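Take a look at the structure below.
Residue numbers (this note's numbering): 238 to 1319.
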């Protein structure tokens, strides 16, 4: 290179210490550039990498020595310090020489600022050697020239491996066929490269002071290596290999001549032969990843094709398009290819995932992590890389994956500085470390890596710490895949054996792996498709064209659509099974549904109708009652998505349904339904740990990620490391105050006997806004099991103590919930035991209800009342946690539909399956909510049905009242219609609870019972049957056939007789007839 004797005025020399300490931004320096050349270079870089900024130019010059660094690195050194140096294709002639760098990039350290992660210099051009004699090269070194004279071919050197001679040294020339990455085993750093000729291949082990060769050796290069010795590699079936010595040199771009083949090089036998050995325990690499992971959501594009790799393109074309639902899990074999391309996206730096040429994925996680991470814009060359097609549906279909035999080399450094590490994506290399320990398949690793990036957005920082996301995603992957592993990974076999075999040789293809959705994405998808899934005509019954105006608008006022999380069990939102991760919580003040639990992540919350298995011997389903689930981080694997659609319209007739002008308003309520048996606890709450221990299952393994519960966040559950607390009893009677400055807790055990429904009530002052003075509230009637006791720490759901029970106690209490405390409604169920805990109080009378003052001579028939405060907690005491005397309590009786028809009580509590739901009013309340009148038809296993009328104008909307679900209705009024039929209606004390989830499409209601007409004729009971009758028609008593106006119902003949202006009509018929039954009664 020609260098001018005078440098441009704008350039200045900078020391290495000054560069490292003062240059905090990535930059580029090029002495030969003009201003126009630099602008054109920057413009080209930014056009090729949309969203990336080109490196800014600095006018700095570097002079120093290129020396060997630690672990095979190259360093640029001067008297002030040193900096790591990255080179594209360095020459061995450059080492230990003073050089001048006219063209280079500088990438500063990342945010960690650690010394080992300091910045580095990238040589984008050849350095200028500053001392003469460089052309002599290594041939002038001690023994170097003799080695070249006696060099032998690979085929001949193979004979030395079979007939090893102690102390023999050999020089070998050949073409480099593979270069393995640097490995660290038991503190020893080494790498292999392979030489080949027409007949043989020969592995060469490089270690100690020759590790810097790793940047000099390139695949396809002709080299000559001198002073090699034969050693034994224990742990590998091949045993004998060639190993470098302290006198070994490498000559790149070597050309062998015929004269050199007649000279035999022999080394004196004065040196003793040493064997390079590895024990069997060293077959696993031990390396540490320190890079920060960068978040990227991949968007597949097909804008660019790549012409440098026809083999890869042939592989893509050879793969037929498959139906992702119909295709089953298959085992496929990968293909080993070579590829050149440009890194266009960084999916996850910490996980080793990139995108090349905008459409080909690259995974380097199966190799040790390199100090220099790939950046967008790097031109890379891959050899012996595995090509896999569709191993993960969340990533590009074509994936290249590097094993320990693969060679990854950067041929051109990026012109962009790269994006800063994303806060939302963990990049500490946890996933590659766990992959090394467990040796899972690529499909599992890619899925876990993609899930990790998604969870970083949906759980951090609100619910989880950044470091926990990788372990959480890996644990979830093992749960879904059942910890499928591929056995022992032999690193020497992977690098040296022929034919090649490694964990990437075979891989699984499963297009139906679960797909994770955040709560906000789920809600947006459901809300967008709620009204776009079909026409209004599809919401009407098959005979919808014969309905009148009133019937059409009432039928359209409410409709429901359910979707399954698994496409194989019904209609679904996606083609793959869905997966949700979040924390189960009580409903918040701003929650749309006040009567259900909610699943929350950092993006939002969704209401959930939840059931669980009962503790009874039958083990049936019931409403959720266990508070231990509150605060648990869970994965929901099976659930049903419910979209309740509300439409306020005034369509004149069936023919006008296509005109949106008749629609006044439309809305949608979205929520989930699932059973707790379909949840997997990823991070248990403190109460859940106690619950699992009592069940004998124990807490989760040590790798489980722990979340802070609501109690911990409020500061009411703190660690107290005091000897007096550990040695003394944690429970004391109410006879004395709690001493010391420790937290005080008071508790009492209750059994819920009756629960009223949630309603808007005027609870007093302090409320502002549109609903001033109104708060959500309800009340619970409970039996007090024992006295109030005090604790030195929060008892939560610990097993019940003897002091907490008073066998002869018959005290009842009315618990009143309002405002924030009303959030406990979905978890308090009749027949269950709870420990009510008041925190930060030494006043034990706070949990004792107050009575109503009365005058003398007046008999009081009311229970003591206790207003539940917002900071009080309820903890479920399941059957194993109760004392033996409490386990014999019988649950409250619940009637069936048939029993309600036969009984004479005014207030009833019964259970039934919802077979039909319709709206019975079409008015709008002051709050803006329409269709507050609902009629449910409930049936039981016998086929008897009962109609229930609900007025929802004074209560928050109750989800889950859809056909197919089983509900318990408590405190409903039993009434008789004017025709003698039995029905039930909603009262101020009524409560509705979903106890079992179903699907009306799969489980239709049982048919009505078959009856005789005589049962109605001779019955004196005031009730109305619904049944099936079989017989012959004897005589028609009345028959009417007419056309009626669809709007007003008047007779329609060439037009409406009432002159309402309607031009549409419906055909109607009425008939009465006589028929005898089998008993002869007509």
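All C-beta atoms in this analysis are idealised placements derived from N, C-alpha and C, irrespective of residue type, glycine included.
Predicted model, so just to flag it, every value in this text is computed and none were measured.
Residues that DSSP places opposite residue 917 in a beta bridge: In the chain shown, counting from the first residue as 1, residue 917 sits at position 680. DSSP output for residue 917 lists 872 as bridge partner(s).
Contacts around residue 570, its chain only, beta-carbon distance under 6 Å, and the 5 residues preceding and following it disregarded: Sequence index remark: in the chain shown, residue 570 carries index 333 (1-based). Closer than 6 Å at the Cβ level, and outside the excluded window around residue 570, lie 743.
Under the three-state DSSP convention, the category residue 1162 falls into: Locating residue 1162 in the chain shown gives position 925, counting from the first residue. At residue 1162 the pLDDT is 45, less than 50, meaning the model places this residue with poor confidence and gives no usable figure here.
For residue 318, the three-state DSSP class (helix, strand or coil): One-based indexing of the chain shown puts residue 318 at position 81. Strand.
contact_flag[the region 758-767, the region 631-642] where n(CB pairs < 8 Å) is 3 or more: no
Inter-residue spacing [alpha-carbon to alpha-carbon] between residue 897 and residue 886: Against the chain shown, residue 897 aligns to sequence position 660. Against the chain shown, residue 886 aligns to sequence position 649. Those two C-alpha atoms are separated by around 9 Å.
Same chain only: Cβ atoms within 6 Å of residue 615, ignoring 5 sequence neighbours per side: Translated into the one-based positions of the chain shown, residue 615 becomes position 378. Same-chain partners within the cutoff: 580, 647 and 651.
The region 983-993 touching the region 1017-1029, judged by at least three CB pairs closer than 8 Å: yes
Cβ-Cβ distance between residue 697 and residue 839 below 9 Å: By 1-based counting over the chain shown, the position of residue 697 is 460. By 1-based counting over the chain shown, the position of residue 839 is 602. Contact flag set, yes.
Three or more C-beta pairs below 8 Å linking the region 678-688 and the region 735-753: yes
Among 818, 849 and 251, nearest to residue 300 - alpha-carbon criterion: Position 63 of the chain shown, counted from the first residue, corresponds to residue 300. Closest by alpha carbon: 251.
Proximity below 9 Å, CB of residue 336 to CB of residue 294: By one-based count along the chain shown, residue 336 stands at place 99. By one-based count along the chain shown, residue 294 stands at place 57. Against a cut-off of 9 Å, the Cβ pair of residue 294 and residue 336 comes out as no contact.
Rounded distance between the beta-carbons of residue 834 and residue 823, thought under 8 Å: Looking up residue 823 in the chain shown gives position 586. Looking up residue 834 in the chain shown gives position 597. Rounded, the Cβ-Cβ distance is 7 Å, consistent with contact.
Contact with chain C by residue 620, beta-carbon distance below 9 Å: In summary, chain C is missing from the structure at hand, where a single protein chain is found.
Cβ neighbours of residue 820 in the same chain (closer than 8 Å, five flanking residues each side left out): By one-based count along the chain shown, residue 820 stands at place 583. Correct list, in chain order: 700, 836, 837, 838, 868, 869, 870, 871 and 944.
Closest residue to residue 308 among 1068, 447 and 1083 (Cα-Cα distance): Sequence index remark: in the chain shown, residue 308 carries index 71 (1-based). Minimum Cα distance to residue 308 is reached at 447.
Per-residue burial, residue 830 [other beta carbons within 10 Å of its own, 16 or more giving buried]: Within the chain shown, numbered from 1, the residue matching residue 830 stands at position 593. Per the 10 Å Cβ criterion, buried.
Residue 1274 versus residue 1306 - alpha carbon distance: Sequence index remark: in the chain shown, residue 1274 carries index 1037 (1-based). Sequence index remark: in the chain shown, residue 1306 carries index 1069 (1-based). Rounded to the nearest angstrom, the two C-alpha atoms are 14 Å apart.
Beta strand (DSSP E) runs contained entirely in the region 278-346, provided each spans 3 or more residues: 297-305, 311-315, 318-323, 334-338 and 340-344
CA nearest to the CA of residue 490, picked from 427, 418 and 411: The residue given as residue 490 occupies position 253 in the chain shown. Here the closest residue by C-alpha is 411.
Presumed contact (8 Å Cβ cut-off) between residue 1326 and residue 1233, rounded CB distance: Residue 1326 lies beyond the stretch modelled for the chain, which goes from 238 to 1319, so this question has no answer here.
Strand pairing of residue 672, partner residues [DSSP]: Here residue 672 corresponds to residue number 435 of the chain shown, with the count starting at 1. Paired residue(s): none; residue 672 is not in a bridge.
Limits of the unbroken alpha helix (DSSP H) element including residue 711: In the chain shown, the residue the question calls residue 711 occupies position 474. Start and end: 705-718.
Alpha-carbon spacing of residue 1043 relative to residue 1123, whole angstroms: Counting from one through the chain shown, the residue named residue 1043 turns up at place 806. Counting from one through the chain shown, the residue named residue 1123 turns up at place 886. Cα to Cα, the separation comes out at about 11 Å.
Residue 1038, enclosing alpha helix (DSSP H) - first and last residue: To locate residue 1038, count along the chain shown from 1; it is residue 801. Neither: residue 1038 is in no alpha helix (DSSP H) and is coded neither H nor E.
Rounded straight-line distance, which links the Cα of residue 368 to that of residue 249: For the purposes of this step, residue 249 is taken as the residue at position 12 of the chain shown. For the purposes of this step, residue 368 is taken as the residue at position 131 of the chain shown. Looking at the two C-alpha atoms, the distance is approximately 21 Å.
Contacting residues, own chain, Cβ-Cβ under 8 Å from residue 253 (five flanking each side not counted): Here residue 253 refers to the residue found at position 16 of the chain shown. Taken in chain order, the residues that qualify are 299, 301, 313, 314, 315, 317, 318, 319 and 320.
Buried or exposed (CB count within 10 angstroms, at least 16 for buried), residue 1034: Here residue 1034 refers to the residue found at position 797 when the chain shown is read from its first residue. Buried, by the Cβ-count rule.
Sequence-distant residues of its chain with Cβ nearer than 7 Å to residue 671 (five each side left out): As a working note, residue 671 is residue 434 in the chain shown. 711.
C-beta atoms of residue 1320 and residue 327 nearer than 9 Å: Because the chain here runs from 238 to 1319, residue 1320 falls outside it and cannot be looked at.
Start-end ranges of the alpha helix (DSSP H) lying completely within the region 716-788, minimum 4 residues: 728-733 and 756-766
Proximity of residue 630 and residue 805 at Cβ, strictly below 9 Å: For the purposes of this step, residue 630 is identified with residue 393 of the chain shown, where counting begins at 1. For the purposes of this step, residue 805 is identified with residue 568 of the chain shown, where counting begins at 1. No, the pair does not count as a contact, with Cβ atoms beyond the cut-off.
Reduced DSSP secondary structure (H/G/I, E/B, other) of residue 932: On the chain shown, position 695 is the one that residue 932 refers to. Residue state, collapsed to three classes: helix.
Residues that residue 621 bridges to, as DSSP identifies them: Mapped onto the chain shown, residue 621 falls at position 384. BP columns for residue 621 are empty, so no partner.
Under the three-state DSSP convention, the category residue 899 falls into: Sequence index remark: in the chain shown, residue 899 carries index 662 (1-based). Three-state result, residue 899: helix.
Whether residue 472 touches residue 734 by CB criterion (9 Å): Position 235 of the chain shown, counted from the start, is the residue given in the question as residue 472. Position 497 of the chain shown, counted from the start, is the residue given in the question as residue 734. No, the pair does not count as a contact, with Cβ atoms beyond the cut-off.
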